Amino acid sequence: MKNSIKSDDTLKVGSHEFNSRLIIGTGKYTNYKQNSDALNASGAEMVTVAVRRVNVSDPNKPMLVDYIDPKKTVYLPNTAGCFTGEDAVRTLRLAKEAGGWNLVKLEVLSDPKHLYPDMEETLRSAELLIKDGFEVMVYCSDDPVFAKKLESMGCVAIMPLGAPIGSGLGIQNKVNIRLIVEQSNVPVIVDAGVGTASDAVIAMELGCDGVLMNTAIANAKDPIKMALAMKHAVIAGREAYLAGRMPTKKYADPSSPLAGLI
Amino acid sequence: MYLIVNGHRYDNLEDDMTMSELLDYLKLPAKKIAIERNREIISKSTYNTVRLNDGDIMEIIHFIGGG
């Protein structure tokens, strides 16, 4: 695996361990080459991917695996486009056959306008997938009650949205993200809503174990530069969280001693 | 025989063709894909031996960019 310098502060998800706490998507890039360059700049070790029909009329079309090597980067197949548990199981079984991955991202969406997860169907799907032997990282609403239920079922990571997918609005409900972080015994990864580096920092400062983003990098004017910014943001937010921030105060407190003035 | 592959109908295919032969015909690399026949996954290790039947509905998938 890339960046294989071991540090103590790794991200453990199911049976996997990562040095990077950033997970990036592979959608919306100009081409796979740009995607691959952004991945290298980001230092991410895991990418989300979608499962779709091969274009049988043009077998020579470039394939993602030609640009991002699944042996070096963990592929996290998603269930985007699935609206029922059965669809999700079918899609991920195919993904497993294509590449052998057990770690998967479950997302059961609802209305295309807001792409909020359908939590009723998400819970049902998670149960089916876990029974089928998958390690489920689950995209969910930022509702601590649902998050707890998903954890109790055996999901290996809870992935609440920060804001609607692709909106770039940043972390909208810090209170809920914090509540989910505090109650969870599995990694909490903000999935969706990050727009720029400061949003990723905020997620990490809240104590999240990682951040998953796609559009924030892919739709930046310079995706490669933004990928690098996100790498630093996730590290900065994590370090700040571990360092423990100073308490806030109502009034100023001089940094230079007042005693001994001439 | 005919097959439905990813929603497209392919007529006049050789009878009893194997999965591998279909992939050769479609010029698709076995390594990068996964296949369902009539909603059941065909294991990669059996591509050389599995014979297809008239009217089989095939889904051939791969990974593309996604979030």
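First to last, the protein sequences are chains A and B.
The opening position of the first sequence corresponds to residue -16 in the working numbering, with each subsequent residue numbered one higher.
The opening position of the second sequence corresponds to residue 3 in the working numbering, with each subsequent residue numbered one higher.
All C-beta atoms, glycine included, are put in the ideal place defined by N, C-alpha and C.
Remember, predicted model here, so these are calculated numbers, not experimental data.
A direct Cα-Cα distance of roughly 20 Å separates A:G26 from A:G190.
At the C-beta level, A:V119 and B:H64 stay beyond 7 Å of one another. Taking B:R41 as reference, the option from A:E69, A:G82 and A:S124 with the minimal CA-CA separation is A:E69. Under the 7 Å criterion on CB atoms, A:R161 is classed as non-interfacial with respect to chain B. Close CB contacts of B:D17 within its chain, under the 6 Å cut and outside five residues either way in sequence, are with M3 (chain order).
Each of A:V(-4), A:A24 and A:H(-1) was checked against the Cα of A:I207, and the nearest Cα belongs to A:A24.
Annotated three-state conformation of A:A183 is helix, per DSSP.
Excluding five sequence positions before and after A:M136, the CB atoms of its chain that fall closer than 8 Å to its own CB belong to L106, A109, E110 and I113, given in chain order. Annotation: Cβ neighbours of B:L30 in chain A (cutoff 9 Å, chain order): V37, V39 and P42. Taking 7 Å as the cut-off, the beta carbon of A:I7 is found closer than this to the beta carbon of A:V30. When C-beta distances to chain A are compared with 8 Å, the residues of the stretch 4 to 19 of chain B below that value are V7, N8, G9 and H10, in chain order. The Cβ atoms of A:V173 and A:A186 sit closer than 7 Å to each other. One thing to note: B:I62 has its Cβ no nearer than 7 Å to the Cβ of B:N14. Short of 7 Å from the beta carbon of A:T198, and not among the five residues preceding or following it, lie these beta carbons of its own chain, in chain order: K11, G149 and G151. The three-state secondary structure of A:T31, taken from DSSP, is strand. Listed along chain A, no residue sits closer than 7 Å to B:I59 by beta-carbon distance, the nearest being about 12 Å off.
Here A:V128 is exposed: its Cβ has fewer than 16 other Cβ atoms, across all protein chains shown, within 10 Å.
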